[in-house]
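First up is the structure itself, then whatever we jot down about it.
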Amino acid sequence: MDTSEFLRPLDCKHPGDEKSSYMFAVSEQELKRLDEQHNGITRYLEGKLSLAPLDKPRKILEMGAGTGAWAIQAALQYPDAEVLAVDMSPLPSRYFPSNVKFEQLDLLNEFPWEKESFDVIHLRLVLYHIPHPADLIRRAIPLLKPHGWLLIEDTCLMFFPHASGPAQRKRNEITSAYMESRDIDPRIGSHLEHILQSSGGFSDIFVHKVEFTLTPLPDGKSVHLLGSCTNIDRNLIDPAIRPLAETMRNSVVGATTRSLSDGLVAAGMTPELQIAWKEEMDDPRYDPTQLFFFTWSRKHASTVSTRPTSSKSGRLIELFDSGLRTESDSDGSAWSPSGTPYLYGLAISGEQGMEEDLRGFLADTEIMMGLSGHRSIEEIWGNYDEILYKLDVGQP
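Numbering of the sequence shown is given in our numbering, commencing with residue 1072 and proceeding in unit increments.
Here you go:
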């Protein structure tokens, strides 16, 4: 569907927020860059909103709407749906379809919506810019209706498999340090599958990973499918990769060589470094490489609560039941089974055997607490998400 009549006008600037962790200065140039990025990704998806098989959604929520381009596309493709675009800054002045509504909201604050309000929730290149991205995902899950879709597209900090220039290395060092100092994950794209699986909120999780070089631009096709990709037409997710790579290269170069946020400038991203970095990005000796992830996850049909969050008031329940062995058996419930070993111990050596099994369980618990940098149950109580993230990324 042609959305050009909606996407052309950008008549006013879109002011940023001093408290925002967004790394680029928000200007008319930046908004045009975001529109071009949206158009390039849409071409890669062959005009679709997502790789998910959406079936006439009635209520759609876009978190981090930016210029509103994706919300406009969703409203045009589903004219009977109510599309809610949310961002911490106002949308630019442009024409929006009548079924698009806007709410100005910081996604780090409490959500004002009722549980199970939306058929589709979408985030594109949002998690790369916010602290504790796993928390936002887990907070979004209750907003989905049963069988609803969570659509996430995100990336990782550029890397260099073989060779990089000094300015490229310096830019990556500054960017990575800046992000980590604000609890932002520079490799969030590669962590999405684990975060989605560990949430316990989905019956189906699909991940489409694309890897491409930005210099030189790739030829041919490249597809990596992860997760339970059953009943999916692979032809729908095997378009030529070069247009996407060209879009992302233009986007990355445009963002990095123009005005940056005050935080990145203070961290050492000088105009001289920007110029040197741009020259190295055109140098064929180096191989800047980008990962991009498309994920679409379908919520469980049941409305059982998801796994524990970092809420201080939550209770951690340990259930001893030999009929359950894996997380998937619990269907997303906020407890974990640990039954079979104790029954074996009881059957083999009676009370002594069960005591030995319990000692082993306590020893394993102490080891895992030590690996996560904690010494007691009191220290980890209510901090499930933080500990899971630390173990996943290997932070000290």
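By construction, the Cβ of each residue, glycine as well, lies at the ideal position given by its N, Cα and C atoms. If you're wondering where the values come from, they're calculated on a predicted model, not measured in any experiment.
State buried or exposed for Lys-1280, treating a residue as buried only when at least 16 other CB atoms are found within 10 Å of its CB.
Position 209 of the sequence shown, counted from the start, is the residue given in the question as residue 1280. It is buried - the Cβ of Lys-1280 has at least 16 other Cβ atoms within 10 Å.
Just how far apart, CA to CA, sit Phe-1367 and Asp-1225?
One-based indexing of the sequence shown puts residue 1367 at position 296. One-based indexing of the sequence shown puts residue 1225 at position 154. The question names Phe, but residue 1367 is Trp in the sequence shown. Between Trp-1367 and Asp-1225, the C-alpha separation is close to 12 Å.
Could you tell me the boundaries of the beta strand (DSSP E) in which Leu-1179 lies?
On the sequence shown, residue 1179 is found 108 positions in, with the first residue counted as 1. Premise fails: Leu-1179 is in no beta strand (DSSP E) and is neither H nor E.
Starting from the Cα of Leu-1132, find the closest Cα among Arg-1165, Ser-1188, Ser-1164 and Ser-1160 and give me that residue.
Here residue 1132 corresponds to residue number 61 of the sequence shown, with the count starting at 1. Per the Cα distances, Ser-1188.
Ser-1252: which of Pro-1202, Ser-1447 and Asn-1180 sits nearest, CA to CA?
On the sequence shown, position 181 is the one that residue 1252 refers to. Of the listed residues, the one whose Cα sits closest to Ser-1252 is Pro-1202.
On the three-state DSSP scale, how would you describe Glu-1343?
Here residue 1343 is taken as the residue at index 272 of the sequence shown, counted from 1. Note: Glu-1343 maps to helix in three-state DSSP.
Throw me the rounded Cβ distance for the Pro-1213 and His-1371 pair, which I believe falls under 8 Å.
Position 142 of the sequence shown, counted from the first residue, corresponds to residue 1213. Position 300 of the sequence shown, counted from the first residue, corresponds to residue 1371. Not quite, the Cβ-Cβ distance comes to about 12 Å (not below 8 Å), so this is no contact.
Could you name the residues of the same chain whose beta carbon sits closer than 8 Å to that of Arg-1129, not counting the 5 residues immediately before and after it, in chain order?
For the purposes of this step, residue 1129 is identified with residue 58 of the sequence shown, where counting begins at 1. Closer than 8 Å at Cβ, skipping near neighbours: Asp-1151, Ala-1152, Glu-1153 and Asp-1190.
Report the rounded CA-to-CA distance for Arg-1369 versus Leu-1105, giving the unit in angstroms.
If you number the sequence shown from 1, residue 1369 lands on position 298. If you number the sequence shown from 1, residue 1105 lands on position 34. One C-alpha to the other measures close to 27 Å.
Less than 6 Å between C-beta atoms, sequence neighbours within five positions excluded: which residues of the same chain meet that for Leu-1198?
Residue numbering aside, residue 1198 sits at position 127 when the sequence shown is read from its first letter. Cβ within range, chain order: Pro-1204, Asp-1225 and Ile-1259.
Hey, would you say Leu-1147 sits closer than 8 Å to Met-1159, going by beta carbons?
Your numbering for residue 1147 matches position 76 in the sequence shown. Your numbering for residue 1159 matches position 88 in the sequence shown. No. Outside cutoff.
Report yes if the CB atom of Leu-1222 is closer than 8 Å to the CB atom of Leu-1215, and no otherwise.
Taking the first residue of the sequence shown as position 1, residue 1222 is located at position 151. Taking the first residue of the sequence shown as position 1, residue 1215 is located at position 144. Taking 8 Å as the Cβ cut-off, Leu-1222 and Leu-1215 do not qualify as a contacting pair.
Spatially closest choice to Ile-1112 from Thr-1318, Asp-1353 and Met-1229, by CA coordinates:
Residue 1112 sits at position 41 when you count from the first residue of the sequence shown. Measuring from the Cα of Ile-1112, the nearest candidate turns out to be Thr-1318.
How do the region 1110-1126 and the region 1333-1351 stand: do at least 3 beta-carbon pairs fall below 8 Å, yes or no?
no
What three-state label does DSSP hand Glu-1133 in the structure shown?
Start at 1 with the first residue of the sequence shown, and residue 1133 comes out as number 62. Residue state, collapsed to three classes: strand.
Taking C-alpha atoms, which residue in Leu-1207, His-1109, Ser-1235 and Phe-1230 lies nearest to Leu-1263?
Here residue 1263 corresponds to residue number 192 of the sequence shown, with the count starting at 1. Closest option to Leu-1263, Cα to Cα, is Leu-1207.
Proximity of Glu-1351 and Ala-1238 at Cβ, strictly below 8 Å
As a first step, residue 1351 must be located in the sequence shown, where it is residue number 280. As a first step, residue 1238 must be located in the sequence shown, where it is residue number 167. In this structure, Ala-1238 lies closer than 8 Å to Glu-1351 by Cβ.
For Ser-1145, count neighbouring C-beta atoms within 10 Å of its own C-beta (all shown protein chains included) and say buried if the count is 16 or more, exposed if not.
Start at 1 with the first residue of the sequence shown, and residue 1145 comes out as number 74. Contrary to the premise, residue 1145 reads as Ala rather than Ser in this sequence. Buried is the call here.
Length-filtered (3 minimum) beta strand (DSSP E) runs lying within the region 1109-1175:
1130-1134, 1153-1158 and 1171-1175
Where Pro-1342 falls, given that 16 or more other Cβ within 10 Å makes a residue buried
Here residue 1342 corresponds to residue number 271 of the sequence shown, with the count starting at 1. That one is exposed.
Report the start-end ranges of each beta strand (DSSP E) in the region 1234-1289 that is 3 residues or longer and not cut off at the edges.
1273-1284
From Thr-1286, Gly-1431, Phe-1363 and Glu-1099, residue whose alpha carbon lies closest to that of Asp-1354
Translated into the one-based positions of the sequence shown, residue 1354 becomes position 283. Of the listed residues, the one whose Cα sits closest to Asp-1354 is Thr-1286.
Is Arg-1329 helix, strand or coil when you go by DSSP?
For the purposes of this step, residue 1329 is taken as the residue at position 258 of the sequence shown. Here Arg-1329 sits in coil by DSSP.
Any idea if Ile-1346 is buried or exposed, counting beta-carbon neighbours within 10 angstroms, 16 or more meaning buried?
Stepping through the sequence shown from its first residue, residue 1346 is reached at position 275. It counts as exposed.
Alpha helix (DSSP H) segment containing Leu-1207, residue limits:
If you number the sequence shown from 1, residue 1207 lands on position 136. DSSP places Leu-1207 in the uninterrupted alpha helix (DSSP H) bounded by 1204-1211.
Which two residues bound the contiguous beta strand (DSSP E) that contains Phe-1231?
Here residue 1231 refers to the residue found at position 160 when the sequence shown is read from its first residue. No beta strand (DSSP E) holds Phe-1231; DSSP gives it neither H nor E.
Return the chain-ordered list of same chain residues with a C-beta closer than 6 Å to the C-beta of Ala-1338, the five sequence neighbours on each side being excluded.
Your numbering for residue 1338 matches position 267 in the sequence shown. Hits under 6 Å: Ile-1245 and Tyr-1249.
Under 8 Å between C-beta atoms of Pro-1257 and Thr-1360:
Start at 1 with the first residue of the sequence shown, and residue 1257 comes out as number 186. Start at 1 with the first residue of the sequence shown, and residue 1360 comes out as number 289. Contact flag unset, no.
Sort out for me which residues DSSP pairs Ser-1368 with in a bridge.
Position 297 of the sequence shown, counting from 1, holds the residue named residue 1368. According to DSSP, which records beta bridges pairwise, Ser-1368 is partnered with Leu-1221 and Ile-1276.
Which residue wins for smallest C-alpha separation from Asp-1275, given the options Leu-1162, His-1265 and Thr-1284?
Position 204 of the sequence shown, counted from the first residue, corresponds to residue 1275. Of the candidates Leu-1162, His-1265 and Thr-1284, the one whose C-alpha sits nearest the C-alpha of Asp-1275 is His-1265.
Best match in Glu-1437, Leu-1228 and Arg-1165 for proximity to Glu-1099 [C-alpha to C-alpha]:
Within the sequence shown, the letter at position 28 stands for residue 1099. When only C-alpha atoms are compared, the closest one is Arg-1165.
Does the distance from the C-beta atom of Phe-1182 to that of Arg-1209 stay below 8 Å?
Start at 1 with the first residue of the sequence shown, and residue 1182 comes out as number 111. Start at 1 with the first residue of the sequence shown, and residue 1209 comes out as number 138. Against a cut-off of 8 Å, the Cβ pair of Arg-1209 and Phe-1182 comes out as no contact.
How many angstroms separate the CA atom of Val-1464 from the CA atom of Arg-1240?
On the sequence shown, position 393 is the one that residue 1464 refers to. On the sequence shown, position 169 is the one that residue 1240 refers to. Unreliable placement is indicated for Val-1464, whose pLDDT of 48 sits below 50; the coordinate value is still reported in the next sentence. Annotation: Val-1464 to Arg-1240 spans about 21 Å, alpha carbon to alpha carbon.
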